[in-house]
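J.: So in full-length UniProt numbering, spot 518 of the sequence shown is number 518, and the numbers just go up one at a time.
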Amino acid sequence: METFRPPGAINFSCSNLADTWNRWTQKLKNYLIASEKDKKPDGVKIAILLNLLGDEGTDIFNTFKSENGKSIEKFDDVLEMFTNYCIPRRNVVFERFKFFSCSQQEGQQVDNYLTELKTLASTCDFGDQEEGLIRDRVVLGIRDMSLQERLLRESDLTLKKAAEFLRASEASKHQIESVKSASKVHEIQKNRDKNSKGTASYTKNSASDTVFNCQKCGKEHKKLKCPAYGKICSKCKRKNHFAAVCKTVKKNYRSVNNLENDNSSNSGMNLFIDSVTEQVNNDMLIVNSLDSMWLKKIDVENNMIEFKLDTGAEINVLPLSVYKSMCLPLKCTLSKTNITLVSYGNFKLNPEGELILNCSVNQYHKVPLKFVVVNVSSRPILGLSACQKLNLIKKIEQVETISKDSIMDQYSEVFKGLGEFPGKPYHIEIKSEIKPVINAPRRVPQSLHKELEKTLNELVQLGIVSPVNKPTEWVNSLVIVEKPNGKLRICLDPRNLNKAIKREHYVIPSVDEIISRLEGKQCFSVLDLKEGFWQVPLDKDSAELCTFNSPFGRYKFNRLPFGICSAPEVFQKKNQKLFGDIKGVEIYFDDLIIAGKNKEEHDKILVEVLERAKENNIKFNPNKFQFRIEEVKYMGLLVSKDGIKADPSHVRAINEIEKPTSKNDIKRLLGMVNFLSKFIPNVSAVTSPLRVLLKKDIEFQWNHEQETSFEEIKRLISSTPVLKVFNDSLPITIQCDSSKDGLGACLLQEGHPVSFASRSLTDCEKKLCPDRKGIISYSIFI
Numbered sequence: 001m002e003t004f005r006p007p008g009a010i011n012f013s014c015s016n017l018a019d020t021w022n023r024w025t026q027k028l029k030n031y032l033i034a035s036e037k038d039k040k041p042d043g044v045k046i047a048i049l050l051n052l053l054g055d056e057g058t059d060i061f062n063t064f065k066s067e068n069g070k071s072i073e074k075f076d077d078v079l080e081m082f083t084n085y086c087i088p089r090r091n092v093v094f095e096r097f098k099f100f101s102c103s104q105q106e107g108q109q110v111d112n113y114l115t116e117l118k119t120l121a122s123t124c125d126f127g128d129q130e131e132g133l134i135r136d137r138v139v140l141g142i143r144d145m146s147l148q149e150r151l152l153r154e155s156d157l158t159l160k161k162a163a164e165f166l167r168a169s170e171a172s173k174h175q176i177e178s179v180k181s182a183s184k185v186h187e188i189q190k191n192r193d194k195n196s197k198g199t200a201s202y203t204k205n206s207a208s209d210t211v212f213n214c215q216k217c218g219k220e221h222k223k224l225k226c227p228a229y230g231k232i233c234s235k236c237k238r239k240n241h242f243a244a245v246c247k248t249v250k251k252n253y254r255s256v257n258n259l260e261n262d263n264s265s266n267s268g269m270n271l272f273i274d275s276v277t278e279q280v281n282n283d284m285l286i287v288n289s290l291d292s293m294w295l296k297k298i299d300v301e302n303n304m305i306e307f308k309l310d311t312g313a314e315i316n317v318l319p320l321s322v323y324k325s326m327c328l329p330l331k332c333t334l335s336k337t338n339i340t341l342v343s344y345g346n347f348k349l350n351p352e353g354e355l356i357l358n359c360s361v362n363q364y365h366k367v368p369l370k371f372v373v374v375n376v377s378s379r380p381i382l383g384l385s386a387c388q389k390l391n392l393i394k395k396i397e398q399v400e401t402i403s404k405d406s407i408m409d410q411y412s413e414v415f416k417g418l419g420e421f422p423g424k425p426y427h428i429e430i431k432s433e434i435k436p437v438i439n440a441p442r443r444v445p446q447s448l449h450k451e452l453e454k455t456l457n458e459l460v461q462l463g464i465v466s467p468v469n470k471p472t473e474w475v476n477s478l479v480i481v482e483k484p485n486g487k488l489r490i491c492l493d494p495r496n497l498n499k500a501i502k503r504e505h506y507v508i509p510s511v512d513e514i515i516s517r518l519e520g521k522q523c524f525s526v527l528d529l530k531e532g533f534w535q536v537p538l539d540k541d542s543a544e545l546c547t548f549n550s551p552f553g554r555y556k557f558n559r560l561p562f563g564i565c566s567a568p569e570v571f572q573k574k575n576q577k578l579f580g581d582i583k584g585v586e587i588y589f590d591d592l593i594i595a596g597k598n599k600e601e602h603d604k605i606l607v608e609v610l611e612r613a614k615e616n617n618i619k620f621n622p623n624k625f626q627f628r629i630e631e632v633k634y635m636g637l638l639v640s641k642d643g644i645k646a647d648p649s650h651v652r653a654i655n656e657i658e659k660p661t662s663k664n665d666i667k668r669l670l671g672m673v674n675f676l677s678k679f680i681p682n683v684s685a686v687t688s689p690l691r692v693l694l695k696k697d698i699e700f701q702w703n704h705e706q707e708t709s710f711e712e713i714k715r716l717i718s719s720t721p722v723l724k725v726f727n728d729s730l731p732i733t734i735q736c737d738s739s740k741d742g743l744g745a746c747l748l749q750e751g752h753p754v755s756f757a758s759r760s761l762t763d764c765e766k767k768l769c770p771d772r773k774g775i776i777s778y779s780i781f782i
């Protein structure tokens, strides 16, 4: 009776379980039909299924129960339950993203590329447009630009026409290459045959007397009379030849880069594994990699494999046992190879074959790599070239001058998606004496309903919010803010909830404290955490506290929402804990400023911050990344090596403000001026005529005195000086002054102003003599 190979055990922990399960069930059904076991009773087929799935599959099966709680007896029902377990609800948006991101890989045949696109399209729900979209993706995704241009000229192009044209082009290309290389291959083979006949040439003098021109000693002698026999070479320390004819120095090993980029034959090639080479002062230092190992899990065709990163290996190696356990696409077949592997100690291994597999360290960037399969019990090895292509290692011979583009490319994952702070989710503490409040729903304009529903669905997909289908003690109101681009920002109005929240009262550094620590720095960068608060996860109970109502039902925030009174302190604490120990980094909520005394120091700090963010899944906003500049905009100020000065945008806003027409307008103006008060000498005295109008018993009247004050403020704002950054190691000088309306002071170091301060006089203080006013000034500012 014929025997048929059953499918191997499935790995339920693989990264793409859905595709793996679909391929596995197809193999299972083919096996049952071929072996005529599909006609067996359901109990026998269930036993076969569990036997093939192994221990992990049996454990999963034991968790299945029927609706009435009895054991499941039908094979199809068991298979359906495993399918529901392995294939979660499909996200059509993500499936279409994978389809439209699929491009032809290097070396991938046209038919394999078409099959891959059709497989991806089958889960995208394209409907009647499926064939047309596959055609479009084929044209836009092929590697050959000349073929793409040719297809784009066709006005009535169909998928069938495009496929036939690409197949014909591919076939003719292979035929032309074969014709061109025929003579070269013949010549190379002749040379190899000549060189493989032996290492010694000889001449026949007679039938019984043969004299060799020996390549072991370099002389002529009869057979078995070589004087080098048993002798040790002084160059390579090996036996049976002299140093004069030693070929060790002539040996040339090809690098893995040549191997993976060269399409020529691999016949007779020796590739080394399990050694390390390191560049030190332009000299090559060869050491052994037996003491420590770098290990990394790599996604290989949707199989997570742990590799040893071996910078001394010239090729990537897969043990045969690992290769057999992988679920690979049909296009990934093993082909013959003539490569010989040379391991530590000069031991040679003959591989079972070679193949090209797509590898990635994240789901977005895939790299095709060549592997050889070897029948040994060892850890899979990733060679030098593969490590470099996957950005796992980088050779550094000198301090490299980095650029913003190189940083964005090297740490692209840090600038994509939504991050999440490590550690336990944040738990909101509630005062027990405060009663929960359920707010009534707020009406949303009908014109915003469609965009609001779209925004909520996007937040659900990102995991930021989720629907609530059970009663909750707290229900907050929803606040909608319309952005300039037409999109909506979803905010919480937790005014009642905030009364019940226990704050942590974490100390937030002041602007002056942070600026003072930037003294002596000359090179700056600023990183902004993307959707900062949303990178802080909430636990289950806290998420329910942040429930809000909407026209489409209730939702809860799974991430820390804006508006929670404890949010700034919690966020600052987590940020400080993660990055606060890095010298040269200042943190103010979602802004990180990196400061160095020179470019080298700055770059080192920046890389350390990005590496830590990468390790801890923290994301930054690429649009707000200020990179290595000498004058950086930070917290409304411009900071440079020369000191600090007012942000021109704030100065321009005050200069362009219209003349106040009410007391509220004056409050708004004074608020803007107070932000820049450290740059303005005697600001209290200058603004005194305006502040008089804020008194309750004074009627608002804009007179010449107020107009003069208003224009003087604009003049002083436009000519703000550059302030020196405070240095606690230098002596300080305080100059004080007084006028009829206010007091003023200036803090100086080495004759340069560090900060201005002022205070208005009370009605009682205004009656004092100038000397008494001066004494009050000194007592206040010193």
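All residues carry an ideal CB built from backbone N, CA and C; glycine is no exception.
For the candidate residues Ile654, Asp642, Trp534, whose alpha-carbon lies nearest to that of Phe620?
T.: One-based indexing of the sequence shown puts residue 620 at position 620. Considering only alpha carbons, the answer is Trp534.
J.: Among the candidates Asn575, Asp590, Ile594, whose CA atom is the shortest distance from the CA of Lys583?
T.: Against the sequence shown, residue 583 aligns to sequence position 583. Closest option to Lys583, Cα to Cα, is Ile594.
J.: What are the boundary residues of the alpha helix (DSSP H) that includes Thr708?
T.: Counting from 1 along the sequence shown, the entry for residue 708 is found at position 708. Taken as a continuous stretch (DSSP letters only), the alpha helix (DSSP H) holding Thr708 covers 704 to 718.
J.: Met284: buried (16+ other C-beta within 10 angstroms of its C-beta) or exposed?
T.: In the sequence shown, residue 284 corresponds to position 284, counting from 1. Model confidence at Met284 stands at a pLDDT of 32, short of 50, so the residue's coordinates are unreliable; what they give is reported in the following sentence. When all chains shown are included, Met284 counts as exposed.
J.: Quick check on the DSSP output: the beta strand (DSSP E) that includes His221 runs from which residue to which?
T.: Along the sequence shown, read from residue 1 onward, the residue named residue 221 stands at position 221. Here the beta strand (DSSP E) through His221 covers 220 to 222.
J.: By the three-class DSSP mapping on this structure, what secondary structure does Ala244 have?
T.: Taking the sequence shown and counting its residues from 1, one reaches residue 244 at position 244. Residue state, collapsed to three classes: helix.
J.: Note down the Cα distance separating Asn258 from Lys161, rounded to an integer number of angstroms.
T.: Locating residue 258 in the sequence shown gives position 258, counting from the first residue. Locating residue 161 in the sequence shown gives position 161, counting from the first residue. Low per-residue confidence applies at Asn258: pLDDT is 36, beneath 50, and the placement is therefore not dependable, though the value from the model is reported in the following sentence. Going from the Cα of Asn258 to the Cα of Lys161 covers about 37 angstroms.
J.: Going by beta carbon distance, what residues of the same chain come within less than 8 angstroms of Ala361, once the five residues before and after it are set aside?
T.: Mapped onto the sequence shown, residue 361 falls at position 361. It is Val, not Ala, that sits at residue 361 in the sequence shown. Once the five neighbours on either side are set aside, the close Cβ partners of Val361 are Lys296, Ile298, Asp299, Leu390, Asn391, Leu392.
J.: Terminal residues of the continuous beta strand (DSSP E) containing Pro319?
T.: Counting from one through the sequence shown, the residue named residue 319 turns up at place 319. Start and end: 316 to 319.
J.: Terminal residues of the continuous alpha helix (DSSP H) containing Ser146?
T.: Translated into positions along the sequence shown, residue 146 becomes position 146. Residues 145 to 152.
J.: With a threshold of 16 other CB atoms inside 10 Å of the CB of Asp310, please say whether the residue is buried or exposed.
T.: Sequence index remark: in the sequence shown, residue 310 carries index 310 (1-based). Buried, because 16 or more other Cβ atoms sit within 10 Å of the Cβ of Asp310.
J.: Are the CB atoms of Asn549 and Pro436 within a distance shorter than 7 angstroms?
T.: As a first step, residue 436 must be located in the sequence shown, where it is residue number 436. As a first step, residue 549 must be located in the sequence shown, where it is residue number 549. Cβ atoms of Pro436 and Asn549: not closer than 7 angstroms.
J.: According to DSSP, what are the bridge partners of Met297?
T.: As a position in the sequence shown, residue 297 is number 297, starting the count at 1. The sequence as given places Lys at residue 297; Met does not occur at that position. Partner(s): Glu306.
J.: If we count the other Cβ atoms within 10 Å of its Cβ and call it buried at 16 or more, is Gly526 buried or exposed?
T.: The residue labelled residue 526 in the question sits at position 526 within the sequence shown. The sequence given here has Val at residue 526, not Gly. When all chains shown are included, Val526 counts as buried.
J.: My output table needs one value for Asp409: the three-state DSSP class, helix, strand or coil.
T.: One-based indexing of the sequence shown puts residue 409 at position 409. The answer is helix: DSSP assigns Asp409 an H, G or I state.
J.: Comparing alpha-carbon positions, which option in Phe589, Gln706, Gly419 lies nearest Ile508?
T.: The residue labelled residue 508 in the question sits at position 508 within the sequence shown. Comparing Cα-Cα distances from Ile508 to each of Phe589, Gln706, Gly419, the minimum goes to Phe589.
J.: Check whether the stretch 567 to 583 and the stretch 470 to 481 are in contact - that is, three or more C-beta pairs closer than 8 angstroms.
T.: At 8 angstroms Cβ cutoff, the stretches do not touch.
J.: Under a Cβ-count criterion, where at least 16 other Cβ atoms within 10 Å of its own Cβ denotes burial, should Asn84 be classed as buried or exposed?
T.: Here residue 84 refers to the residue found at position 84 when the sequence shown is read from its first residue. Burial call: exposed.
J.: Please classify Asn623: is it buried, with 16 or more other beta-carbons within 10 angstroms of its beta-carbon, or exposed?
T.: Numbered from 1 along the sequence shown, position 623 holds the residue referred to as residue 623. Asn623 comes out exposed.
J.: Can the beta-carbon of Ile657 be found closer than 7 angstroms to that of Leu716?
T.: Residue mapping note: residue 657 aligns to position 657 of the sequence shown, counting from 1. Residue mapping note: residue 716 aligns to position 716 of the sequence shown, counting from 1. Going by C-beta atoms, Ile657 is not nearer than 7 angstroms to Leu716.
J.: Under the rule that 16 or more other beta-carbon atoms within 10 Å means buried, what is Gly383, buried or exposed?
T.: Here the question's residue 383 lines up with position 383 in the sequence shown. Buried is the call here.
J.: Buried or exposed, going by whether 16 or more other CB atoms sit within 10 Å of the CB of Asp771?
T.: On the sequence shown, position 771 is the one that residue 771 refers to. Classification of Asp771: exposed, given that the 10 Å Cβ count is below 16.
J.: Counting beta carbon pairs with one atom in the stretch 645 to 662 and one in the stretch 550 to 558, are three or more of them shorter than 8 angstroms?
T.: Counting Cβ pairs under 8 angstroms, fewer than three are found: no touch.
J.: Taking just the CA atoms, how far does Arg153 sit from Gly423?
T.: Within the sequence shown, residue 423 is the residue found at index 423, counting from 1. Within the sequence shown, residue 153 is the residue found at index 153, counting from 1. Rounded to whole angstroms, Gly423 to Arg153 spans 56 angstroms at the Cα level.
J.: Consult DSSP for Ile732 and reduce its assignment to one of helix, strand or coil.
T.: As a working mapping, residue 732 is identified with position 732 in the sequence shown. Here Ile732 sits in coil by DSSP.
J.: How far does the alpha helix (DSSP H) with Cys359 in it extend, from its first residue to its last?
T.: As a working note, residue 359 is residue 359 in the sequence shown. From DSSP, Cys359 is part of no alpha helix (DSSP H) but of the beta strand (DSSP E) over 353 to 360.
J.: What would DSSP say about Ala653, mapped onto helix, strand or coil?
T.: Counted from its first residue, the sequence shown places residue 653 at position 653. Correct three-state label for Ala653: helix.
J.: Between Ile142 and Leu166, which are expected to be in contact by the criterion C-beta below 8 angstroms, what is the C-beta distance as a whole number of angstroms?
T.: Position 142 of the sequence shown, counted from the start, is the residue given in the question as residue 142. Position 166 of the sequence shown, counted from the start, is the residue given in the question as residue 166. Ile142 to Leu166, Cβ: 7 angstroms. Contact.
J.: If you run the structure through DSSP and keep just helix, strand and coil, what is Asn439?
T.: Here residue 439 refers to the residue found at position 439 of the sequence shown. Coil at Asn439, not helix or strand.
J.: Helix, strand or coil: how does DSSP classify Thr312 here?
T.: Within the sequence shown, numbered from 1, the residue matching residue 312 stands at position 312. The question names Thr, but residue 312 is Gly in the sequence shown. Coil.
J.: Near Lys604, which residues of its chain fall below 8 angstroms by C-beta distance, leaving aside the five closest residues on each side in sequence?
T.: Counted from its first residue, the sequence shown places residue 604 at position 604. Once the five neighbours on either side are set aside, the close Cβ partners of Lys604 are Gly596.
J.: Can you list, in chain order, the residues of its chain whose CB lies under 8 angstroms from that of Val44, leaving out five sequence neighbours each side?
T.: Against the sequence shown, residue 44 aligns to sequence position 44. Once the five neighbours on either side are set aside, the close Cβ partners of Val44 are Lys37.
J.: Apart from the five residues just before and just after Lys714, which ones in its own chain have a Cβ nearer than 6 angstroms to its Cβ?
T.: Within the sequence shown, residue 714 is the residue found at index 714, counting from 1. Contacts found: Asn655.
J.: Can you name the start and end residues of the beta strand (DSSP E) that Pro568 belongs to?
T.: Sequence index remark: in the sequence shown, residue 568 carries index 568 (1-based). From DSSP, Pro568 is part of no beta strand (DSSP E) but of the alpha helix (DSSP H) over 567 to 579.
J.: I believe Phe557 touches Val414 by the beta-carbon criterion, under 8 angstroms. Please report the beta-carbon distance rounded to the nearest angstrom.
T.: Residue mapping note: residue 557 aligns to position 557 of the sequence shown, counting from 1. Residue mapping note: residue 414 aligns to position 414 of the sequence shown, counting from 1. That pair is no contact at about 24 angstroms.
J.: If you run the structure through DSSP and keep just helix, strand and coil, what is Asn617?
T.: For the purposes of this step, residue 617 is taken as residue 617 along the sequence shown, with counting starting at 1. Note: Asn617 maps to coil in three-state DSSP.
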